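Q: Sharing a structure with you now.
Protein chains in written order, with the UniProt record's numbering: chain A, 1 to 680; chain B, 1 to 680.
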């Protein structure tokens, strides 16, 4: 039999006793070249890495053979389901490490793995060159080199007709030359070397043990700006329940601010049993609308709309209108039910019943959430509840919703998410899921591994320079960068950050710039743009929260930071450097109240720097280092700079520069470095 | 059907379309608990970790479930081939990380994996305690707690009779109590909690996806002191070829120095074609014995003995005599052949033939090794050569040799080693292989991964404080600590280190102490004990190397450091702290010429500190920190100290101490800290 490593195994001796041995030997021998340390490889290949259409996807691996052989290494990749592998050669870095940069065009799951082989012609080239340089005789070596070309020619299946002809030409020319020097020149010519690099026999062709996966998302999974509002608060009158039509009227406002995604908390019927009153009280009046998270009533459950918001037709009109404004609607997927949800009667086996015949309501002892109950994912709820929940998502996908922000996913089983997200995306790869999990680090990472496209983060509570640098370094340089994409929300209906409660307007500007430029995805919840921060005293909750009452907003106030929002959203769209996440670098600014960082494209055509003042109260003087070294410039070089806030252009002479930031005037500065040779 | 997660799956709806879904759901749902970050896990479980009989084998893993559930985690382990798993509970550390410490008694391959389950009683205990503390009513909760005990009782298969009885007793007592407080006290009693921890239902019992392996070696794989000599130089007369009988006469000397392993370079017939003369010349005289690495002549190959050394009977007598002296013989396994090796005629297909009908001799262009040729492991040599080489090892194992130092393993295919070592050790788990690979870091690590018990290292070229600390931190704290055990040779026949060529006697004492105490395994090549360092000028080679001529040695010279060798080998045997490798810590000594480090047992009953002077020429004054914090002592505490070189005992008062080392008197100091409460 002919085996994978190009030889013929002849079984000799005691055939029976050696059969098992031979199998083991063959399996091992087929992988002569060590391929290890593949990156990305999440948990031994258990989970897929993430990329996005058009993004650079870097694959690295250690690869080496025994002895002093030369090897060639390639990454093979294909869309899942395709039978043919594409191949791209990897480049040698250092210390037996190889790298390739891929880029995918299709929004779907892809596979990749590594192959390597001994390149005997390259080894021959190296050896004969050393001997020639040492003045040793090389006639035999030249004959051996010729045979390697003949070997290549014998593998007609793999070779193009053009390469076959070229190989034959070399052999003919070789035959016509008598002198060793001439023959050597022929075999070491650039053309021969390049041809043999491509066409040489792949000796001991070895494939990596595992095929790995990368899910290639559409761009919005990696780069998006979210705006969150409550549809019921869009009438402009606290006494009139807002409607989808009211929201349509707000689309120009959101579009003008520069956002891509418009996200609503739940829009389903709200239960009346144990309904919450204003400010999360247990004593609602008849007029109180209740928390939209208490999903389900006699009017329907997760696939129904709250009647006061409008009809399904209205909703579909809103989806279309949003699309016309360049906005995409994101819905909330919150699995809990109000005690009035139709499922409780239809599927009692999906719930946890207590010895007294009641369903346990949600609690985090001693805290109680009397207006909701949780489903149970195992026992008799498996698998029907899983199908039902998946079908809810598919229902809204069918209506045109492709982005879901999922409420508290960490309190539901990981296997459910892995199956549900995988199943939905096998049909609709463009669906995006954002995990609203604020919990322990490994739990948050696991949710990203099992499939979430985006993740809420600790950003909301990282205010100091050292903690921002440390957290961003973790997110952008550690293994999680391969599978977790944070969405930096500056505030949410649940989080009125303590910092913003005391910072005044400069703090809002600061947190906006940080959120929008440190991460690829970011978001704000309405009210942020007018610096709304009135808290329930001593808590991170908003006073008179929209979660429990209808609000009317006036965003045209002197406090508005809409100018900053428009600026930063425009810069994000205009500058490719700002559309990446892991291309973040921190630079030296000798002031602990000022974060100094940059983002750049790999070709350096777009290089943006940020100074952000973390102290919202006091003037800051900042000595800083212009990262001239990133552009290959010396410490004394000059560089052209564009102030992206004012539009001014000027020159920084030398590495050391000084800046003054007055947070009450503008707590940030944004610069574009014009690399020499790059057109302005 | 009843499934792995304790529920009954009922397939509903469109059975055909959902069958695939159901399979996917079931497979995922069976692993509700996330188990990841298992350590050790070499390359996703591709390779076995290493341990030794009686050693502590630490297993760690991240494990967590969704929500706020309490979980229990255990490591399961068994000898490979056994059907029943042993189980040991893991202890919670921090940040969802768990740990267990195992210890194996059998020298063989073992398997391990992780399991975890939701502990509903622990969760109940936590919840009811919070509610009780908050003054909430808990009658229903008490009933729920009782039901958890009833559930446990229903799983009669897993429970011991004793536990069943105890559970029943609790239920009876519960029934007799009317007051909530009394019932709560019963269910929260230490006895109930401990019983339910053991006997409670294992809800959502989850097993880790992979079964991992650990090869448990005998102690000598991890802790051994090697002495290398050339049998042919043991006659005491350069004109008489030494014999195995001469070696027997040297055993008391080696034993008295305190070594465990006596290692010989090849002892097989030596070829005559292209034989090397003295000092690696190409012009041998008729009397020159040739390099023992040019293996094979008409007198036989790798399974034969060089006739001048003696007969097989003599060799067996030597093995026995060594054993009687507490010494074990290690042989060299060097796969290359002299051009006179019988295999060349018997198996021409195992060699690389050139276009002119010759076999290519070994070379590293432009260097040539004319007296040896290499075998070819693939093409027609596969698998017969593999069997033949394995059988050579088994041949010597059969003669009583259980340790092999393998020459240049990095120039032979990794798959061969993986198969051969695995195959030999499946029959003889006590066989130890030492890889003599001095090559690139990842290649050396790969050899350890594929099965080598011990590895030569870069120690020989690490002389400065910072490079020693950096290298040892890599070896003892990075992932390679799980599979690579360095053997720190201070010199070898191939390496006459530049440092020792200039250091004089103090340098030899220094390198001895470092080798013997930084690693578990170490060795010296004879001549080291009398500070032999005459080089081939400008090279790291010994002048008049035994590799090419017979030497006669006189070890009774004034330069001898045998006192130091005896001391350190005795201390290694007496002190458990010195028998570990990864228990190494570096401490602060404010002098860049002095390495200050310690090793201690986990229970602190043995805690040894070393000051080693790296400058062999000049006096050193050292301010250093006694690591009192390791013993839980404050900076001002006093501690009893034993000087293990002089035997003196005294007290260090406070953390900061001073030491003077004169390298010409003694370039090292060794201290035992007597921890308070530990008997002296």
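Note that beta-carbon positions come from the ideal geometry of N, C-alpha and C, so glycine has one too.
From a predicted model like this one, the values you see are computed outputs, not experimental measurements.
(1) Does the region 226-236 of chain A touch the region 63-70 of chain A, meaning 3 or more C-beta pairs lie closer than 8 Å?
(2) Using a Cβ distance threshold of 8 Å, determine whether the region 565-578 of chain A contacts the region 470-484 of chain A, with at least three qualifying pairs required.
(3) Would you say the region 481-491 of chain A touches the region 512-531 of chain A, given that touching needs at least three Cβ pairs under 8 Å?
(4) Roughly how many angstroms lie between the CA atoms of residue 322/B and residue 391/B, to the nearest whole one?
(5) Could you list the residues in the region 335-353 of chain B with a C-beta less than 9 Å from some C-beta on chain A, going in chain order?
(6) Do you know whose CA, among 224/B, 360/B and 135/B, lies nearest residue 181/B's CA?
(7) For residue 442/A, tell me which candidate among 34/B, 465/B and 503/B has the shortest Cα-Cα distance.
(8) Taking only runs of the alpha helix (DSSP H) that begin and end inside the region 554-584 of chain B, which ones reach a length of at least 4 residues, in chain order?
(9) Whole-angstrom Cβ separation of residue 152/A and residue 199/A, contact assumed at under 8 Å?
(10) Between 610/A, 217/A, 463/A and 643/A, which has its C-alpha nearest residue 616/A's C-alpha?
(11) In angstroms with no decimal places, state the Cα-to-Cα distance between residue 36/B and residue 425/A.
(12) Between the Cα of residue 651/A and the Cα atoms of 639/A, 659/A, 643/A and 657/A, which residue gives the shortest distance?
(13) Thinking C-alpha only, which one of 318/B, 379/B, 355/B and 269/B is nearest residue 337/B?
(14) List, in order along the chain, the chain B residues whose C-beta lies closer than 7 Å to that of residue 486/A?
(15) Can you check the region 491-541 of chain B for any beta strand (DSSP E) of at least 3 residues that lies completely inside it and give the ranges in chain order?
(16) Use the C-beta contact count for residue 451/B: other C-beta atoms within 10 angstroms, 16 or more gives buried, fewer gives exposed.
(17) Measuring alpha carbon to alpha carbon, tell me which residue in 177/A, 179/A and 189/A is nearest residue 166/A.
(18) Tell me, to the nearest whole angstrom, how far the beta carbon of residue 671/B is from that of residue 608/B; I am working on the premise that it is less than 8 Å.
(19) My understanding is that residue 533/A touches residue 584/A, with C-beta atoms under 8 Å, so please give their C-beta distance in whole angstroms.
(20) So who's on the other strand from residue 609/A, going by DSSP bridges?
(21) Residue 2/A to residue 418/A, Cα distance in whole Å?
(22) Tell me which residues of the region 143-172 of chain B have at least one Cβ-Cβ distance to chain A shorter than 8 Å, keeping chain order.
(23) Let's test the definition: count the other Cβ atoms within 10 Å of the Cβ of residue 312/A and tell me whether it reaches 16, buried, or not, exposed.
(24) Could one say the Cβ of residue 119/A lies closer than 8 Å to chain B's Cβ atoms, at least one of them?
(25) Just to confirm, are residue 290/B and residue 340/B a CB contact at a threshold of 8 Å?
(26) Counting Cβ pairs, one atom from each stretch, are 3 or more of them under 8 Å apart for the region 557-565 of chain B and the region 292-310 of chain B?
(27) When you compare each of 427/B, 161/B and 604/B to residue 673/B by their alpha carbons, which one comes out closest?
(28) Name, please, each residue of chain A whose Cβ falls closer than 9 Å to the Cβ of residue 44/B.
(29) Keeping to the same chain, check which residues put their C-beta closer than 6 Å to that of residue 319/A; ignore five residues upstream and five downstream.
(30) Interface residues of chain A around residue 253/B at Cβ under 8 Å?
(31) In the DSSP assignment, what are the bridge partners of residue 242/B?
(32) Is it buried or exposed, residue 176/B, if we count other Cβ atoms within 10 angstroms and call 16 or more buried?
(33) Closer than 7 Å, Cβ to Cβ, to anything on chain A: give me those residues from the region 27-41 of chain B, in chain order.
(34) Using only the alpha-carbon positions, how far apart do residue 484/A and residue 372/A sit?
(35) Using a Cβ-Cβ cut-off of 7 Å (strictly less than) and excluding sequence neighbours within five positions of residue 216/B, which residues of its own chain qualify?
(36) Hey, quick one: how far does the alpha helix (DSSP H) through residue 477/A stretch, first residue to last?
A: Looking at the coordinates:
(1) no
(2) The region 565-578 of chain A, when compared against the region 470-484 of chain A, does not touch it at the 8 Å Cβ threshold.
(3) yes
(4) As a first step, residue 322/B is located in the second chain; it is residue number 322 there, counting from the start. As a first step, residue 391/B is located in the second chain; it is residue number 391 there, counting from the start. Using only the alpha carbons, I get a separation of about 24 Å.
(5) none
(6) If you number the second chain from 1, residue 181/B lands on position 181. Of the listed residues, the one whose Cα sits closest to residue 181/B is 135/B.
(7) For the purposes of this step, residue 442/A is taken as the residue at position 442 of the first chain. With distances taken between Cα atoms, residue 442/A lies closest to 34/B.
(8) 562-574
(9) The residue you call residue 152/A lines up with position 152 of the first chain. The residue you call residue 199/A lines up with position 199 of the first chain. That belief holds up - the Cβ atoms of residue 152/A and residue 199/A are roughly 5 Å apart, short of 8 Å.
(10) Your numbering for residue 616/A matches position 616 in the first chain. Nearest to residue 616/A by alpha-carbon distance, out of 610/A, 217/A, 463/A and 643/A, is 463/A.
(11) Residue mapping note: residue 36/B aligns to position 36 of the second chain, counting from 1. Residue mapping note: residue 425/A aligns to position 425 of the first chain, counting from 1. Those two C-alpha atoms are separated by around 25 Å.
(12) Reading the first chain from its first residue, position 651 is the one you call residue 651/A. Comparing Cα-Cα distances from residue 651/A to each of 639/A, 659/A, 643/A and 657/A, the minimum goes to 639/A.
(13) Taking the first residue of the second chain as position 1, residue 337/B is located at position 337. Checking every option, the nearest Cα to that of residue 337/B belongs to 269/B.
(14) Position 486 of the first chain, counting from 1, holds the residue named residue 486/A. Residues of chain B passing the Cβ test: none, with the nearest at roughly 19 Å.
(15) 521-525
(16) Taking the second chain and counting its residues from 1, one reaches residue 451/B at position 451. By the beta-carbon neighbour count (other beta carbons within 10 angstroms, threshold 16), residue 451/B is buried.
(17) Your numbering for residue 166/A matches position 166 in the first chain. Residue 166/A has its Cα closest to that of 189/A, out of 177/A, 179/A and 189/A.
(18) Taking the first residue of the second chain as 1, we reach residue 671/B at position 671. Taking the first residue of the second chain as 1, we reach residue 608/B at position 608. Sure, about 7 Å apart at Cβ, within 8 Å.
(19) For the purposes of this step, residue 533/A is taken as the residue at position 533 of the first chain. For the purposes of this step, residue 584/A is taken as the residue at position 584 of the first chain. Residue 533/A to residue 584/A, Cβ: 28 Å. No contact.
(20) On the first chain, position 609 is the one that residue 609/A refers to. 598/A and 671/A, per the DSSP bridge assignment.
(21) Stepping through the first chain from its first residue, residue 2/A is reached at position 2. Stepping through the first chain from its first residue, residue 418/A is reached at position 418. For residue 2/A, the predicted model reports a pLDDT of 33, less than 50, meaning its position is unreliable and no value from the coordinates is stated.
(22) 143, 144 and 147
(23) One-based indexing of the first chain puts residue 312/A at position 312. Flag for residue 312/A reads exposed.
(24) For the purposes of this step, residue 119/A is identified with residue 119 of the first chain, where counting begins at 1. Cβ-Cβ to chain B under 8 Å: no for residue 119/A.
(25) Along the second chain, one-based indexing puts residue 290/B at 290. Along the second chain, one-based indexing puts residue 340/B at 340. Going by C-beta atoms, residue 290/B is not nearer than 8 Å to residue 340/B.
(26) In short, these stretches do not touch, since the Cβ pair count stays below three.
(27) For the purposes of this step, residue 673/B is taken as residue 673 along the second chain, with counting starting at 1. Nearest C-alpha to residue 673/B: 604/B.
(28) Along the second chain, read from residue 1 onward, the residue named residue 44/B stands at position 44. Neighbours of residue 44/B on chain A, chain order: 41, 43, 44, 45, 46, 209 and 210.
(29) As a first step, residue 319/A must be located in the first chain, where it is residue number 319. Same-chain partners within the cutoff: 329 and 400.
(30) The residue given as residue 253/B occupies position 253 in the second chain. Per Cβ cutoff of 8 Å: no residues; residue 253/B is ~38 Å from chain A at best.
(31) Translated into the one-based positions of the second chain, residue 242/B becomes position 242. Answer is none; residue 242/B lacks a bridge partner.
(32) As a working mapping, residue 176/B is identified with position 176 in the second chain. Around the C-beta of residue 176/B, fewer than 16 other C-beta atoms lie within 10 Å, and the residue is accordingly described as exposed.
(33) Those residues of the region 27-41 of chain B placed with their C-beta closer than 7 Å to a C-beta in chain A are 28, 29, 31, 32, 34 and 36, ordered along the chain.
(34) Indexing the first chain from 1 puts residue 484/A at position 484. Indexing the first chain from 1 puts residue 372/A at position 372. Going from the Cα of residue 484/A to the Cα of residue 372/A covers about 30 Å.
(35) Your numbering for residue 216/B matches position 216 in the second chain. Within its own chain, the residues whose Cβ lies closer than 7 Å to the Cβ of residue 216/B, once the five positions on either side in sequence are excluded, are 51, 52, 53, 104, 106, 107, 108 and 110, listed in chain order.
(36) Stepping through the first chain from its first residue, residue 477/A is reached at position 477. Its alpha helix (DSSP H) spans residues 465-477.
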